[in-house]
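J.: In this text, residue positions in the sequence shown follow our numbering: the first is 298, and each later residue adds one.
Ideal Cβ placement from N, Cα and C applies to all residues, glycine included.
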Amino acid sequence: MCRSKEAWEHFIFVPLPHSRLAKTSLVPYSVEHRRADEHHSGRTAWQEMVEALGLASAMGPMAPSAAFMKLAMMVPPPPTLPPPAPPWSAAVPAPVPPSAPVQQFSLLDTLLPNFNTDTFIWRVSMLQITEYIGSLLLGSAYGSPKLCSLYLLGASWGPAIAQGAVWRLMLPMMLHANALHIFFNLFFQMRIGFGMEKQFGRRKFCLLYMFCGFLGNLISVAVDPMKLAVGASTSGFGLLGVWAAEVLLTWDLLGESRSRIFLWFAFMCTSCIMMSTISPNVDFVGHFAGMLAGFLLAIILADMQEEHQPPWYGKAKLLAKNATALIVIVSLVRAITLGPDGPIPYCGTIFHPRRLPF
Numbered sequence: 298m299c300r301s302k303e304a305w306e307h308f309i310f311v312p313l314p315h316s317r318l319a320k321t322s323l324v325p326y327s328v329e330h331r332r333a334d335e336h337h338s339g340r341t342a343w344q345e346m347v348e349a350l351g352l353a354s355a356m357g358p359m360a361p362s363a364a365f366m367k368l369a370m371m372v373p374p375p376p377t378l379p380p381p382a383p384p385w386s387a388a389v390p391a392p393v394p395p396s397a398p399v400q401q402f403s404l405l406d407t408l409l410p411n412f413n414t415d416t417f418i419w420r421v422s423m424l425q426i427t428e429y430i431g432s433l434l435l436g437s438a439y440g441s442p443k444l445c446s447l448y449l450l451g452a453s454w455g456p457a458i459a460q461g462a463v464w465r466l467m468l469p470m471m472l473h474a475n476a477l478h479i480f481f482n483l484f485f486q487m488r489i490g491f492g493m494e495k496q497f498g499r500r501k502f503c504l505l506y507m508f509c510g511f512l513g514n515l516i517s518v519a520v521d522p523m524k525l526a527v528g529a530s531t532s533g534f535g536l537l538g539v540w541a542a543e544v545l546l547t548w549d550l551l552g553e554s555r556s557r558i559f560l561w562f563a564f565m566c567t568s569c570i571m572m573s574t575i576s577p578n579v580d581f582v583g584h585f586a587g588m589l590a591g592f593l594l595a596i597i598l599a600d601m602q603e604e605h606q607p608p609w610y611g612k613a614k615l616l617a618k619n620a621t622a623l624i625v626i627v628s629l630v631r632a633i634t635l636g637p638d639g640p641i642p643y644c645g646t647i648f649h650p651r652r653l654p655f
């Protein structure tokens, strides 16, 4: 079908005359119908197509082949292109929503919360380790420092303090009797100390730590001057007293967490007492004197906002100041003025220590 030029022309360019539009579309439009329409209209289908395209004046009486060639040579309209994309420099990347940080488990943060090497508690702990190694080098027996080594490095001894060696009220907190002693003390004070120093600041925390050790050793010597005492337990228990004072001052603000905090505090106190009973030579007076010192000094240094202060806040601060001053004066008089004058152990000097079996 459609093999001759005439058949192709008739197949492609056959317009439906207006007279046929009124008829039904189911009747086939044959060649005889087309010729009958041309006979009535007097124009060919090619002429009607040319007039419809507006090429009649330009082509004139052209042959169909020439008309096809001219029609093929017409320049087509430019295609419609999408708008150009903006340059890379002008392109603004879409904001990426911040993702929530993934919390990773850390054994160090679990054992020592708020761990930080740029703190006073970390540096004093390293100093205590250094002091312990020095006491072993000065003289040791069965893996523990000898008594003369501890005495030469500043252990607390009542008769020596009564003769004016008041530095023995501060230096005992840097010394320890054995490896288990220093391990428990350092772990306990760093467990509480990192977070407490972050809360109070370095200066205030340093004052709390040193004062607790001083007053704890002072009360211990005043009660029992005839014992050689060492250890940072007075300062460690003092931090526990600071925490107890903070809970007391903010008791009305704790709300539903009171029972949980009370149980935690009771657990810590019980654990400290049980650890203290491991050794028969535990200075219970020094431990609880350090806790008392921390409790009193924390109330003195408290700086609560006025709307959060309990009704008895002012009276508690005044009572803590008077009690602290009274305890310090009475203990100094008892330890220095009324303390025993002897005996003084003969252990030599640090550079020439006396060699003893114990």
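Measure from the alpha carbon of P642 to the alpha carbon of each residue in H478, A595, P650, then state which is nearest.
T.: Considering only alpha carbons, the answer is P650.
J.: Look at A452 and G535 and say whether their C-beta atoms are less than 7 angstroms apart.
T.: No, Cβ-Cβ distance for A452 and G535 is not below 7 angstroms.
J.: Quick one: what's got a C-beta closer than 8 angstroms to I426's C-beta in the same chain, skipping five residues either side?
T.: Around I426: I479, L483.
J.: Is there contact between the segment 484–495 and the segment 402–411, where contact requires at least three CB pairs shorter than 8 angstroms?
T.: The segment 484–495 vs the segment 402–411: in contact.
J.: Assuming T414 and M470 make a contact with CB atoms under 8 angstroms, what is their CB distance in whole Å?
T.: The Cβ separation is near 21 angstroms, so there is no contact.
J.: From the DSSP secondary-structure annotation, give me the bridge partner or partners of R522.
T.: For the record, residue 522 in the displayed sequence is Pro; it is not Arg. The partner list for P522 (beta bridge, DSSP) is empty, contrary to what the question assumes.
J.: Three-state secondary structure (DSSP) at H649?
T.: DSSP places H649 in coil when its eight states are reduced to three.
J.: Pull the bridge partners of S441 from the DSSP assignment, please.
T.: A438, per the DSSP bridge assignment.
J.: Shortest alpha-carbon distance to L545 belongs to which of L433, P607, L404?
T.: Comparing Cα positions, the closest option is P607.
J.: For the pair the segment 514–526 and the segment 617–636, tell me if three or more CB-CB distances fall below 8 angstroms.
T.: A contact exists between the segment 514–526 and the segment 617–636.
J.: Check whether the segment 519–529 touches the segment 454–462, taking contact to mean three or more Cβ pairs, one atom from each stretch, closer than 8 angstroms.
T.: Touching, yes, given that three or more Cβ pairs across the two stretches are closer than 8 angstroms.
J.: Can you say whether H584 is buried or exposed, counting buried as having 16 or more other CB atoms within 10 angstroms of its CB?
T.: By the 10 Å Cβ count, H584 comes out buried.
J.: At a cut-off of 6 angstroms, is D415 close to the ligand FMN when judged by its beta-carbon and the heavy atoms of the ligand?
T.: As presented, the structure is devoid of all ligands, the ligand FMN included, so that no description of it is given.
J.: Count the other CB atoms within 10 Å of the CB of R500; is the residue buried (16 or more) or exposed (fewer)?
T.: Label assigned to R500: exposed.
J.: Taking just the CA atoms, how far does D549 sit from A387?
T.: Its pLDDT being 46, under 50, A387 is placed unreliably in this model, and the value from its coordinates should be taken loosely. Distance between the alpha carbons of A387 and D549: 59 angstroms.
J.: Thinking C-beta only, is I624 closer than 7 angstroms to A542?
T.: Not closer than 7 angstroms, so no.
J.: Would you tell me roughly how many angstroms separate the C-alpha atoms of H605 and A438, rounded to the nearest one?
T.: Distance between the alpha carbons of H605 and A438 is about 55 angstroms.
J.: Just grab the DSSP bridge partners of S532 for me.
T.: Bridge partners of S532: none, in fact.
J.: With a threshold of 16 other CB atoms inside 10 Å of the CB of R652, please say whether the residue is buried or exposed.
T.: Burial call: exposed.
J.: Alpha carbon to alpha carbon, how far is G440 from T621?
T.: For G440 and T621, the distance between alpha carbons rounds to 39 angstroms.
J.: Quick check on S568: does DSSP put it in helix, strand or coil?
T.: Here S568 sits in helix by DSSP.
J.: I633 lies in the alpha helix (DSSP H); which residues open and close that run?
T.: Careful: I633 lies outside any alpha helix (DSSP H) and carries neither H nor E.
J.: The alpha helix (DSSP H) that contains P578, what's its start and end?
T.: This sequence places Asn at residue 578; Pro is not what is there. Neither: N578 is in no alpha helix (DSSP H) and is coded neither H nor E.
J.: Which of the three DSSP states, helix, strand or coil, is assigned to S432?
T.: Reduced to three states, the DSSP call for S432 is helix.
J.: Of all the alpha helix (DSSP H) runs that stay within the bounds of the segment 458–517, which reach a length of 4 or more residues?
T.: Segments of the alpha helix (DSSP H) lying fully in the segment 458–517: 476–497.
J.: If I follow the unbroken alpha helix (DSSP H) through W548, where does it start and stop?
T.: 548–551 is the span of the alpha helix (DSSP H), which, as asked, contains W548.
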